[in-house]
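Structure first, then comments.
Protein chains: 2
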Amino acid sequence: MLEDAAPKRTELSALGEFGLIDHLTSGLKSVNASTLKGVGDDCAVIDHGNHVSLVTKDLLIEGVHFDLSYAPLKHLGYKAAAVNISDIVAMNGKPEQMLVGISVSNRFSVESLRELYEGLRLACERYKVDLVGGDTTSSVSGLFISITVIGRALKEEVVYRSTARENDLICVSGDLGGAYMGLLLLEREKQVFKANPNMQPDLEGNDYILERQLKPEPRTDVLEKLRSAGVRPTAMIDISDGLASEIIHIARDSGLGCRIYENKIPIDIVTAEVAAEFRIDPVTAAMNGGEDYELLFTADVNDFDKIKDIQGIHIIGHMTEKAEGEYLISEGGSLYPIEAQGFNHMRED
Amino acid sequence: MLEDAAPKRTELSALGEFGLIDHLTSGLKSVNASTLKGVGDDCAVIDHGNHVSLVTKDLLIEGVHFDLSYAPLKHLGYKAAAVNISDIVAMNGKPEQMLVGISVSNRFSVESLRELYEGLRLACERYKVDLVGGDTTSSVSGLFISITVIGRALKEEVVYRSTARENDLICVSGDLGGAYMGLLLLEREKQVFKANPNMQPDLEGNDYILERQLKPEPRTDVLEKLRSAGVRPTAMIDISDGLASEIIHIARDSGLGCRIYENKIPIDIVTAEVAAEFRIDPVTAAMNGGEDYELLFTADVNDFDKIKDIQGIHIIGHMTEKAEGEYLISEGGSLYPIEAQGFNHMRED
Numbered sequence: 108m109l110e111d112a113a114p115k116r117t118e119l120s121a122l123g124e125f126g127l128i129d130h131l132t133s134g135l136k137s138v139n140a141s142t143l144k145g146v147g148d149d150c151a152v153i154d155h156g157n158h159v160s161l162v163t164k165d166l167l168i169e170g171v172h173f174d175l176s177y178a179p180l181k182h183l184g185y186k187a188a189a190v191n192i193s194d195i196v197a198m199n200g201k202p203e204q205m206l207v208g209i210s211v212s213n214r215f216s217v218e219s220l221r222e223l224y225e226g227l228r229l230a231c232e233r234y235k236v237d238l239v240g241g242d243t244t245s246s247v248s249g250l251f252i253s254i255t256v257i258g259r260a261l262k263e264e265v266v267y268r269s270t271a272r273e274n275d276l277i278c279v280s281g282d283l284g285g286a287y288m289g290l291l292l293l294e295r296e297k298q299v300f301k302a303n304p305n306m307q308p309d310l311e312g313n314d315y316i317l318e319r320q321l322k323p324e325p326r327t328d329v330l331e332k333l334r335s336a337g338v339r340p341t342a343m344i345d346i347s348d349g350l351a352s353e354i355i356h357i358a359r360d361s362g363l364g365c366r367i368y369e370n371k372i373p374i375d376i377v378t379a380e381v382a383a384e385f386r387i388d389p390v391t392a393a394m395n396g397g398e399d400y401e402l403l404f405t406a407d408v409n410d411f412d413k414i415k416d417i418q419g420i421h422i423i424g425h426m427t428e429k430a431e432g433e434y435l436i437s438e439g440g441s442l443y444p445i446e447a448q449g450f451n452h453m454r455e456d
Numbered sequence: 108m109l110e111d112a113a114p115k116r117t118e119l120s121a122l123g124e125f126g127l128i129d130h131l132t133s134g135l136k137s138v139n140a141s142t143l144k145g146v147g148d149d150c151a152v153i154d155h156g157n158h159v160s161l162v163t164k165d166l167l168i169e170g171v172h173f174d175l176s177y178a179p180l181k182h183l184g185y186k187a188a189a190v191n192i193s194d195i196v197a198m199n200g201k202p203e204q205m206l207v208g209i210s211v212s213n214r215f216s217v218e219s220l221r222e223l224y225e226g227l228r229l230a231c232e233r234y235k236v237d238l239v240g241g242d243t244t245s246s247v248s249g250l251f252i253s254i255t256v257i258g259r260a261l262k263e264e265v266v267y268r269s270t271a272r273e274n275d276l277i278c279v280s281g282d283l284g285g286a287y288m289g290l291l292l293l294e295r296e297k298q299v300f301k302a303n304p305n306m307q308p309d310l311e312g313n314d315y316i317l318e319r320q321l322k323p324e325p326r327t328d329v330l331e332k333l334r335s336a337g338v339r340p341t342a343m344i345d346i347s348d349g350l351a352s353e354i355i356h357i358a359r360d361s362g363l364g365c366r367i368y369e370n371k372i373p374i375d376i377v378t379a380e381v382a383a384e385f386r387i388d389p390v391t392a393a394m395n396g397g398e399d400y401e402l403l404f405t406a407d408v409n410d411f412d413k414i415k416d417i418q419g420i421h422i423i424g425h426m427t428e429k430a431e432g433e434y435l436i437s438e439g440g441s442l443y444p445i446e447a448q449g450f451n452h453m454r455e456d
């Protein structure tokens with residue numbers, strides 16, 4: 108028999124989510140020739156000759172990643188699928204298969220699970236993904252969703268996080284901070300509702316940021332636009348934890364520094380208005396809010412002319428040598444160090 | 108926005124685990140040419156030309172699939188990996204990559220998660236599997252483990268559940284019922300300990316069945332033996348839910364009936380002794396106990412001579428035409444209908 112645990116105790120919160128994964132997966136060595144990339148990017152990469160499989164897995168946990176009092180189950184299913192599909196897209200791959208594991212307590216009915224699956228199916232249909240496996244089991248309490256998505260790419264087309272080069276342009280798709288402002292809005296209305304259940308929620312005019320929070324869309328369309336324009340990103344990641352956290356991943360994994368210009372960060376007018384209402388700087392929402400699932404990528408500086416005219420792509424900065432650090436340049440020209448303050452799903456609160 | 112759930116309520120227990128998965132996944136159609144097999148076997152099968160990927164995903168939930176009061180975390184990690192590797196083996200594939208999702212409450216420490224990972228690593232090392240991805244997040248309560256394993260096989264070597272033929276031999280590896288008797292033993296000692304914490308557990312001499320429960324081993328060695336003997340199974344499944352449930356899967360998916368001979372079912376002496384102590388028929392433990400992770404397969408009747416001399420493989424019956432039903436033949440020659448009473452992880456108790 109194997110041996111039991113030693114009695115020493117370090118709290119999980121002491122390491123944080125990324126620190127914990129690093130700690131647990133440190134020193135892993137691959138033994139199979141088919142394993143091209145293991146832990147440390149949006150997906151694992153598996154060799155099949157001239158093409159590869161991209162594989163990603165994410166958990167969504169009730170009370171940590173979602174709150175069923177304002178996330179309807181069909182949206183939740185859609186989002187669970189979307190965030191995993193987004194990881195395949197972030198490596199420049201085509202999502203093809205999905206496996207779903209769901210664990211529910213008996214406070215859920217067959218009908219409510221069917222709603223959840225309906226959302227999964229809608230996302231699968233929209234992104235042409237086959238649902239090829241499922242494991243459904245009971246839990247003692249709560250709802251746990253585990254999704255695995257498998258994609259495909261030609262080997263030479265896979266785009267990693269770690270391959271940005273000095274002077275590359277930093278680009279982002281769509282706009283940022285909306286999903287976070289949507290979350291704040293939903294949380295505020297939940298508090299109002301708890302205080303007075305007769306109050307109607309005041310969500311009018313804010314559909315855009317609510318959809319950003321509840322029903323994110325992976326940017327397969329951006330990959331197509333880049334392909335049409337003849338632009339091949341040098342490094343790419345999807346924005347799940349906020350721009351700050353993601354650009355730091357690209358910079359550190361590529362051994363570089365970066366400069367992002369505050370006034371270039373794309374922010375929608377609704378995001379800006381609701382941010383003003385909440386007295387939050389919308390740039391903070393964009394940098395640290397997370398869950399926008401836009402693409403952050405770097406591209407060769409010679410592609411500037413090709414990129415600048417692509418609708419919905421914004422050039423927000425450039426990569427530097429490592430010694431120059433990671434900085435946000437304010438409109439006034441001041442330099443602020445970029446710090447990852449993204450969602451920490453290991454925090455204790 | 109998408110629409111919300113209708114108010115009708117059907118309890119999850121009304122459908123059971125398999126019924127629920129069927130209900131949720133009914134009507135799924137594949138759109139990608141690479142999807143060779145979706146829901147309904149041990150693994151999904153993805154086409155890569157002359158070889159395929161086999162992909163499986165299982166959840167292990169605290170309080171449903173394991174009890175930390177007697178399953179040490181290192182064993183639990185090992186078992187979580189093993190049961191998924193076993194699904195790849197059951198399709199005659201070579202397991203190569205693993206992705207791990209873990210959700211824990213803060214009652215767990217970094218050290219305890221490290222124990223869990225140590226068990227995962229040991230299984231990966233033993234079965235030459237690369238751990239290529241991880242997602243670790245907090246939960247509101249309890250421990251949830253979601254594992255995905257990816258394997259590889261030549262396309263023509265994949266063995267499905269649904270391809271048994273009339274008159275094929277039914278064969279099983281190892282022995283059955285031990286994992287279930289190990290579980291009963293652990294549960295009894297837990298009750299004794301709860302009643303009197305000073306009592307030492309009485310587990311002596313029962314190592315074999317405790318290991319069967321706590322540390323199952325996928326039968327990669329059986330695949331090698333069959334290959335060496337020149338035997339190619341016609342259908343195969345691993346025994347996770349008990350012999351009864353698994354042979355019914357093979358029979359129904361192949362459109363056939365079956366006969367299993369009670370006195371041919373391999374049962375270890377320790378299993379038989381502990382079963383006697385618990386006043387349980389060891390055949391019942393073998394048929395309905397589950398978690399043995401042995402291989403159940405069918406083979407051409409002309410392979411009889413090749414199979415009968417393979418150490419650790421037992422011929423226990425044969426496939427019949429569908430109209431003959433699914434029966435267990437007792438030593439006295441009586442016919443008992445086989446019913447799947449395997450673990451139901453959706454039951455309400």
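Protein chains in written order, with my numbering: chain P, 108 to 456; chain G, 108 to 456.
For each residue, glycine too, the CB sits at the ideal point set by N, CA and C.
- V408 of chain G has its alpha-carbon roughly 5 Å from the corresponding atom of D275 of chain G.
- It is roughly 24 Å from the alpha-carbon of P304 of chain G to the alpha-carbon of Y287 of chain G.
- The alpha-carbon of S253 of chain P is positioned some 27 Å away from that of R319 of chain G.
- In chain order, D242 make up the part of chain P whose C-beta sits under 7 Å from the C-beta of D165 of chain G.
- Separation of L330 of chain G and A406 of chain G (C-alpha to C-alpha, rounded to the nearest whole angstrom) is 13 Å.
- Under the Cβ distance rule, K144 of chain P counts among the residues neighbouring chain G, one pair being separated by less than 9 Å.
- Remark: C-beta atoms of A351 of chain P and Q448 of chain P approach each other more closely than 9 Å.
- Contact between the segment 142–153 of chain P and the segment 238–249 of chain G is present, with at least three C-beta pairs closer than 8 Å.
- Within the same chain, and ignoring the five residues on either side of T244 of chain G in sequence, the residues whose Cβ sits closer than 6 Å to its Cβ are S210.
- Annotation: Cβ neighbours of T117 of chain G in chain P (cutoff 7 Å, chain order): S216, V217 and E218.
- By the 16-neighbour rule on beta-carbons within 10 angstroms, F404 of chain P is buried.
- Taking one beta carbon from each stretch, the segment 266–282 of chain G and the segment 164–184 of chain G have fewer than 3 pairs nearer than 8 Å; the two do not touch.
- For Y368 of chain G, no alpha helix (DSSP H) segment is defined; the enclosing uninterrupted segment is the beta strand (DSSP E) at L363 to Y368.
- Of the residues G:E218, G:V236 and G:H356, the one whose Cα lies closest to the Cα of I195 of chain G is G:V236.
- Secondary structure of A197 of chain G (DSSP, three-state): coil.
- In the three-state DSSP reduction, G134 of chain G falls in the coil class, being neither helix nor strand.
- DSSP places K164 of chain P in the strand class (E or B) of the three-state scheme.
- DSSP places P389 of chain G in the uninterrupted alpha helix (DSSP H) bounded by P389 to N395.
- Contact annotation: K164 of chain P and N199 of chain P have beta-carbon atoms that are not nearer than 9 Å.
- One thing to note: S212 of chain G has its Cβ no nearer than 9 Å to the Cβ of S160 of chain G.
- Between L206 of chain G and A151 of chain P a beta carbon distance of about 7 Å is seen, short of the 8 Å cut, so the two are scored as contacting.
- When rounded, the separation of the alpha-carbon atoms in H182 of chain G and L310 of chain G is 17 Å.
- Under the 10 Å beta carbon count, A197 of chain G is surrounded by 16 or more other beta carbons and is classified as buried.
- Counting other Cβ atoms within 10 Å of its Cβ, L435 of chain G reaches 16 or more and is therefore classed as buried.
- In the three-state DSSP reduction, F411 of chain G falls in the helix class (H, G or I).
- Boundaries of the beta strand (DSSP E) harbouring I344 of chain G: A342 to D345, taken from the DSSP string.
- When 7 Å is used as the limit between beta carbons, D237 of chain P is near these residues of chain G: S137, V138, N139, T142 and G145, in chain order.
- Between E169 of chain P and chain G, the shortest Cβ-Cβ separation is below 9 Å.
- L261 of chain P is classed as exposed because its beta carbon has fewer than 16 other beta carbons within 10 Å across all chains shown.
- Cβ neighbours of K413 of chain P within its own chain (closer than 8 Å, five residues either side excluded): A336, G337 and V338.
- Distance between A188 of chain G and K429 of chain P, taken at the CA atoms: about 40 Å.
- Rounded to whole angstroms, the Cβ separation of L317 of chain G and G289 of chain G is 5 Å, and the two are in contact under 8 Å.
- If you look at F300 of chain P, you'll find it in the alpha helix (DSSP H) that goes G285 to A302.
- For I346 of chain G, the nearest beta carbon of chain P is not closer than 9 Å to its own beta carbon.
- With respect to D375 of chain G, P323 of chain G sits apart: the two C-beta atoms are not nearer than 9 Å.
- Measuring C-alpha to C-alpha distances from T117 of chain G to each of P:K136, P:E222, P:K186 and P:I168 identifies P:E222 as the nearest.
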